[in-house]
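J.:
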Amino acid sequence: MAAATVLGNPLTLTKNSSSPPLSLLHTNGYYHHKRYKFTYSPRSPKMAPIRRPTCMTLVAAPVLNGVQCIMQEKSTMVDLTALVKMKFSKAGSLKELIRRSVEAATSSVEGGVVLQLVSKDVDPETKKGKLSEEAVLHWSSSSKAEAEHQTYEVNFKIDPNFGLPGAIYVHSRHQDEFFLMSVSIEGIVHFACRSWIQPVTVDSGTRVFFCDKACLPSQTPSGLVELRQRELKDLRGDGKGLRLPSDRIYDYDVYNDLGNPDKGTNYARPTLGGGNNPYPRRCRSGRPPTTTDVSAESPSSPSLPAYVPRDEEYGEQKKEFMSHGRKNAILRNIVPLLIAKIFGEKNFYVAVDADNQHKNKSKMTIMSLDKLLNKNPILKILSNVQEVIERTFNLDPPKYISKDAIWGLPDDEFGRRVLAGVNPVSIEKLKVFPPVSKLDPSIYGPQESALKEEHIISLLEGMSVQQAMDEDKLFILDYHDIYLPYVDRINSIEGRKTYATRTIFFLTPYGTLKPIAIELSLPLAEQKASSKLVLTPPTNGTAYWLWQLAKEHVCSNDAAIQTLINHWLRIHACMEPFFVAAHRSLSVMHPIFKLLDPHMRYIMKTNSFSRDVLINAGGVIETFNAPAKYCMEFSCSAYQDWWRFDLEGLPADLIRRGMAVPDSTYPFGLRLTIDDYPYAQDGLLIWSAIENLVTKYVNHYYPEAIIVQDDTELQAWYNESVNKGHADLRNAAWWPKLSTPKDLINILTTIIWTVTGQHAVMNFGQHPYGGYIPARPPFMRRLLPSENDPDYEHFLANPQEYFVSSLPSFTQAAQFAAVLHTGSGHSPDEEYIGERNDLSSWASEPEILEAFYEFLLDTKAIVQEISRRNSDPRLRNRCGEGTFPFELLIPSSGSGTTSRGVPNSVTA
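Residues 5 to 912 (this note's numbering) are what the sequence shown spells out, left to right.
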């Protein structure tokens with residue numbers, strides 16, 4: 005007996021004895037048809053009994069939801085029911101909202117979306133994939149306002165010889181764009197589309213989406229080969245013309261859009277990329293040149309908006325989160341601006357309220373060095389208003405600050421932060437003493453440092469300098485060579501003063517670092533001070549304030565290195581070309597594209613936003629970082645002289661800096677030079693988890709080296725990443741080869757680590773560690789006083805006032821802290837490492853599903869292990885009285901500025 009439907013009526017079929025079993029009529033998911041004789045009787049009482057043999061074509065198909073067998077006496081088609089899931093963009097303006105409301109009231113049905121299935125098999129007549137009949141999906145205009153997500157049914161009619169669907173055509177006839185989330189025929193095929201479909205007035209073409217299953221180019225079903233190639237060609241574009249917000253084209257360009265010379269010479273900026281300014285490439289936008297300089301691209305404007313491919317745009321929750329952050333930043337600054345307007349800025353600062361400090365949260369208060377002014381009733385009222393604003397809107401103060409840091413970091417916290425702060429990637433083992441510069445001595449003076457053994461010998465606990473280096477006891481933050489070429493230019497800017505700094509640290513028996521000497525260097529042309537000044541821990545009051553000021557200058561150097569090089573350059577700028585190339589060279593069907601997909605989320609939009617308002621001329625970065633208008637040139641120097649992709653992986657970076665040595669007897673094959681190095685300890689947990697996942701994944705698809713070498717899309721991706729995305733360094737000998745599975749594993753692990761763990765450390769600790777300005781000033785306004793300075797007597801008489809006047813002003817500090825808070829938070833739509841929303845791609849590959857599940861378990865175990873370490877009193881750099889835990893690499897987090905959480909991608 006078998007159930008079927010004839011002309012819409014349910015029937016019971018009884019095959020005669022000569023017919024084969026029905027179970028043989030369906031094999032391997034394909035639909036087969038053959039003529040068999042059956043007798044049937046209706047189960048419906050409305051039909052008269054019929055007792056005669058009937059010849060019909062029976063189509064045997066999987067008995068699955070959404071699949072219905074249609075049997076007719078002469079011809080037959082299979083009817084497949086698909087579920088289409090989509091959502092609509094929110095009305096962006098009152099005008100748009102009114103238009104939609106009127107449309108909903110006057111029109112019940114919109115134009116429709118045409119869908120058509122494409123078979124994996126080739127039609128012998130067209131030599132292309134077989135096609136189903138077109139199906140049209142309609143919805144009412146009012147449905148767009150009913151819910152964020154909508155699910156609709158649509159029926160496809162296919163020929164019994166159609167084979168399995170492998171792709172789907174989508175053509176919109178609507179007047180509004182919509183986000184196509186997925187099309188699913190249960191039990192047969194799933195298309196995870198996740199793409200914006202443009203209205204017919206913008207794009208009259210037809211989009212194609214492929215089924216979820218990953219496959220290498222050589223494994224592409226014959227019916228999809230041409231479509232796979234065509235889709236990549238469409239995404240590459242032709243490299244010409246203005247890109248529109250609705251476009252989906254990925255191309256390269258130099259950084260020629262940072263300045264605005266039409267606004268004046270002060271806003272002109274050099275092009276980065278090509279010529280004398282090597283730099284990674286960005287996603288091309290194609291805006292017309294400026295009037296003043298034809299090599300510079302016009303800045304974005306309402307008529308020429310910033311471009312990223314449409315699917316790279318922020319989601320609604322992210323946009324709302326950023327908008328909320330901007331409003332909070334304004335609220336934070338109302339009172340400081342009023343105070344500055346009424347009382348002026350001199351001698352005002354934000355201090356840690358030592359009398360109201362809680363264990364896990366510091367309380368900040370507005371103070372003046374003028375004690376009488378602190379009693380002013382208007383000032384008290386304004387201070388109370390500020391507290392109400394912060395409490396009402398949950399504007400938390402910086403998390404990692406204590407009353408001991410009112411006048412800058414104490415030595416122990418200063419040393420701890422180079423291992424467990426927002427920039428724990430610059431500390432190096434000291435290998436040569438005195439340190440030696442690599443700069444041209446004819447331009448920058450003697451290469452030898454002014455640091456001498458007599459400066460530090462008394463602080464080495466009985467060891468000589470050589471003995472201390474041999475026993476891995478001496479470490480250095482060396483910002484001399486990267487900073488010195490810019491010092492004169494920076495110091496010529498009003499309100500900016502800086503040095504090129506070196507700081508020597510000694511490893512104590514407790515495993516903590518103690519600063520024992522700071523060298524402050526100025527170019528020889530600088531006449532206000534000697535070219536090199538060495539300071540050591542203080543022995544009297546005057547020396548104390550000079551030492552504190554020297555540490556502030558080191559922190560200012562460190563802040564610029566962290567922001568411009570370790571964060572922006574190494575992560576944002578250097579990773580973008582790999583992802584532009586992925587969209588241009590790797591089909592969405594490619595297993596490596598699928599692996600990288602969640603790690604590419606938002607990076608292009610974040611970088612575009614940065615070029616618009618952060619790193620542009622006069623933007624946030626220039627306003628609040630020491631190099632000012634030279635910020636991006638500063639990062640360009642680091643790219644040219646220092647950046648190497650082969651050393652960007654965590655183990656390679658630790659070895660390069662002398663912070664680890666290869667040792668197979670230790671976990672992860674590395675022995676850390678400092679055992680209690682929280683960033684390295686926790687980072688290696690995440691690196692290892694990523695590497696294990698990538699190893700299993702790559703070995704599954706590439707069991708042999710020849711498959712890597714013959715993968716045309718994979719090789720095109722890597723070649724283009726290097727030769728186009730990093731064109732200025734394409735001839736460097738250090739680029740890794742891509743010939744074996746091991747090569748691919750290392751390349752992918754490095755990329756994924758950089759945009760996950762590395763970015764989490766650089767970004768989400770900015771406000772917790774840097775929101776209190778004396779702990780981490782982004783720039784300084786004064787050099788250290790010398791005995792020949794007119795202000796030296798004033799410094800001796802009132803060192804606190806000199807200290808405050810050296811830091812950013814009261815309003816500058818408030819504005820910068822607000823910026824950091826906005827940029828350090830997680831939006832509600834954040835996707836964290838270990839989480840994936842696309843596992844349907846591997847539904848038939850249990851090995852891959854198991855690998856992802858193990859990775860998820862690894863990330864959960866990492867949460868527990870880091871929490872355990874943060875409670876271990878033996879680890880003095882993360883636990884103990886007055887010591888803050890290191891949380892930046894804890895994978896999970898809630899939304900907001902939490903100082904923890906490792907997202908899948910560069911989302912901020």
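Even for Gly, the Cβ is constructed at its ideal location relative to N, Cα and C. These figures come from a predicted structure and were not determined experimentally.
Would you mind reading off the limits of the beta strand (DSSP E) that contains residue 219?
T.: By one-based count along the sequence shown, residue 219 stands at place 215. Premise fails: residue 219 is in no beta strand (DSSP E) and is neither H nor E.
J.: So for residue 379, helix, strand or coil by DSSP?
T.: Counted from its first residue, the sequence shown places residue 379 at position 375. Three-state result, residue 379: coil.
J.: Tell me the residue span of the alpha helix (DSSP H) that contains residue 704.
T.: For this step, residue 704 is matched to residue 700 along the sequence shown. Looking at the DSSP string, the run of the alpha helix (DSSP H) that includes residue 704 is 682–705.
J.: Count the other C-beta atoms from every protein chain shown that fall within 10 angstroms of the C-beta of residue 395, then say buried if there are 16 or more, exposed otherwise.
T.: For the purposes of this step, residue 395 is taken as the residue at position 391 of the sequence shown. Exposed, by the Cβ-count rule.
J.: As a quick exercise: from 153, 115 and 129, pick the residue whose alpha carbon is nearest that of residue 88.
T.: The sequence position of residue 88 within the sequence shown is 84, counting from 1. It is 153.
J.: With H, G and I counted as helix, E and B as strand and the rest as coil, what does DSSP make of residue 904?
T.: Numbered from 1 along the sequence shown, position 900 holds the residue referred to as residue 904. It is coil, neither helix nor strand.
J.: Are the CB atoms of residue 228 and residue 170 within a distance shorter than 8 Å?
T.: Position 166 of the sequence shown holds residue 170. Position 224 of the sequence shown holds residue 228. It is a contact, given that the beta carbons lie within the stated cut-off.
J.: Check each candidate in 384, 425 and 787 and name the one with the smallest Cα separation from residue 496.
T.: Mapped onto the sequence shown, residue 496 falls at position 492. The residue with the shortest Cα to Cα distance from residue 496 is 787.
J.: Compare the C-alpha of residue 196 against each of 503, 547, 319 and 184 and name the closest.
T.: In the sequence shown, the residue the question calls residue 196 occupies position 192. Per the Cα distances, 184.
J.: Spatial neighbours of residue 896 within its chain, please: C-beta separation below 7 Å, excluding the five flanking residues on both sides.
T.: As a first step, residue 896 must be located in the sequence shown, where it is residue number 892. Result list for residue 896: 836, 867 and 905, in chain order.
J.: What whole-angstrom Cβ distance do residue 845 and residue 603 have, given they're in contact under 8 Å?
T.: Along the sequence shown, read from residue 1 onward, the residue named residue 845 stands at position 841. Along the sequence shown, read from residue 1 onward, the residue named residue 603 stands at position 599. About 15 Å; that fails the 8 Å criterion.
J.: Which whole-angstrom value is the C-beta distance of residue 383 and residue 437, which I expect to be below 8 Å?
T.: Here residue 383 refers to the residue found at position 379 of the sequence shown. Here residue 437 refers to the residue found at position 433 of the sequence shown. The Cβ separation is near 51 Å, so there is no contact.
J.: Expressed to the nearest angstrom, what Euclidean distance is found between the alpha-carbon atoms of residue 646 and residue 830?
T.: Counted from its first residue, the sequence shown places residue 646 at position 642. Counted from its first residue, the sequence shown places residue 830 at position 826. Each residue's Cα considered, the two are about 31 Å apart.
J.: List the endpoints of the continuous beta strand (DSSP E) containing residue 197.
T.: Along the sequence shown, one-based indexing puts residue 197 at 193. From DSSP, the beta strand (DSSP E) with residue 197 extends over 193–201.
J.: Starting from the N-terminal side, write out each stretch of the beta strand (DSSP E) that is 3 residues or longer and does not extend beyond the stretch 454–499.
T.: For the stretch 454–499, whole beta strand (DSSP E) runs of length 3 or above, ordered along the chain, are 478–482.
J.: First and last residue of the alpha helix (DSSP H) that includes residue 598?
T.: Reading the sequence shown from its first residue, position 594 is the one you call residue 598. 595–600 is the span of the alpha helix (DSSP H), which, as asked, contains residue 598.
J.: For residue 182, list the residues DSSP reports as bridge partners.
T.: Translated into positions along the sequence shown, residue 182 becomes position 178. For residue 182, which the question treats as bridged, DSSP gives the partners 92 and 201.
J.: Just to confirm the assignment, what range does the beta strand (DSSP E) spanning residue 175 have?
T.: If you number the sequence shown from 1, residue 175 lands on position 171. Its beta strand (DSSP E) spans residues 169–176.
J.: How many whole angstroms separate the CB atoms of residue 231 and residue 339, which I take to be in contact at a CB cut-off of 8 Å?
T.: The residue given as residue 231 occupies position 227 in the sequence shown. The residue given as residue 339 occupies position 335 in the sequence shown. Rounded, the Cβ-Cβ distance is 60 Å, inconsistent with contact.
J.: Which of the three DSSP states, helix, strand or coil, is assigned to residue 403?
T.: For the purposes of this step, residue 403 is taken as residue 399 along the sequence shown, with counting starting at 1. Of the three classes helix, strand and coil, the one that applies to residue 403 here is coil, per DSSP.
J.: Could you check whether residue 85 and residue 159 sit closer than 8 Å to each other, using their CB atoms as the reference points?
T.: Against the sequence shown, residue 159 aligns to sequence position 155. Against the sequence shown, residue 85 aligns to sequence position 81. Yes; because the gap between Cβ atoms is below 8 Å, this pair is in contact.
J.: Measuring straight from C-alpha to C-alpha, what distance separates residue 392 and residue 880?
T.: Your numbering for residue 392 matches position 388 in the sequence shown. Your numbering for residue 880 matches position 876 in the sequence shown. Rounded to the nearest angstrom, the two C-alpha atoms are 36 Å apart.
J.: Can you tell which of 902, 510, 772 and 135 has its C-alpha closest to the C-alpha of residue 124?
T.: Along the sequence shown, read from residue 1 onward, the residue named residue 124 stands at position 120. Of 902, 510, 772 and 135, the residue nearest in Cα terms is 135.
J.: Can you give the beta carbon distance from residue 742 to residue 712, rounded, assuming they're within the 8 Å contact cut?
T.: One-based indexing of the sequence shown puts residue 742 at position 738. One-based indexing of the sequence shown puts residue 712 at position 708. Indeed they touch by this definition, with Cβ atoms about 7 Å apart.
J.: Can you find the residues in the same chain that come closer than 6 Å, C-beta to C-beta, to residue 216, ignoring five residues on each side of it along the sequence?
T.: Looking up residue 216 in the sequence shown gives position 212. The answer, listed in chain order, is 194, 196, 844 and 845.
J.: Once you ignore the five residues that flank residue 738 on each side, which residues in its own chain have a CB closer than 6 Å to its CB?
T.: Along the sequence shown, one-based indexing puts residue 738 at 734. Excluding sequence neighbours, residue 738 sits near 648 and 650.
J.: Is residue 253 helix, strand or coil when you go by DSSP?
T.: What you label residue 253 is simply residue 249 of the sequence shown in a count that begins at 1. Looking at residue 253 - three-state DSSP - the assignment turns out to be coil, as it is neither helix nor strand.
J.: Could you please give me the residues that DSSP links to residue 825 through a beta bridge?
T.: Translated into positions along the sequence shown, residue 825 becomes position 821. For residue 825, which the question treats as bridged, DSSP gives no partner whatsoever.
J.: Of the choices 840, 875 and 240, whose alpha-carbon is the least far from that of residue 861?
T.: The residue you call residue 861 lines up with position 857 of the sequence shown. Minimum Cα distance to residue 861 is reached at 840.
J.: Just reading off the alpha helix (DSSP H) that residue 868 is part of, what are its end residues?
T.: Stepping through the sequence shown from its first residue, residue 868 is reached at position 864. Start and end: 850–873.
J.: With residue 426 and residue 762 assumed to form a contact (beta carbons below 8 Å), what rounded beta-carbon distance in angstroms separates them?
T.: What you label residue 426 is simply residue 422 of the sequence shown in a count that begins at 1. What you label residue 762 is simply residue 758 of the sequence shown in a count that begins at 1. In fact, because the Cβ distance is near 12 Å, the residues do not count as touching under 8 Å.
J.: Is the stretch 679–694 close to the stretch 552–563, with three or more CB pairs under 8 Å?
T.: The stretch 679–694 is not in contact with the stretch 552–563.
J.: Does the Cβ of residue 305 have 16 or more other Cβ atoms within 10 Å, making it buried, or fewer, making it exposed?
T.: Residue 305 sits at position 301 when you count from the first residue of the sequence shown. Exposed is the call here.
J.: Keeping to the same chain, check which residues put their C-beta closer than 6 Å to that of residue 221; ignore five residues upstream and five downstream.
T.: Along the sequence shown, read from residue 1 onward, the residue named residue 221 stands at position 217. Excluding positions up to five away in sequence, the list reads 716 and 717.
J.: Can you tell me whether residue 547 is buried or exposed, with buried defined as 16 or more other CB within 10 angstroms of its CB?
T.: For the purposes of this step, residue 547 is taken as residue 543 along the sequence shown, with counting starting at 1. Exposed is the call here.
J.: To which residues does DSSP link residue 162 through a beta bridge?
T.: As a first step, residue 162 is located in the sequence shown; it is residue number 158 there, counting from the start. Paired residue(s): 82.
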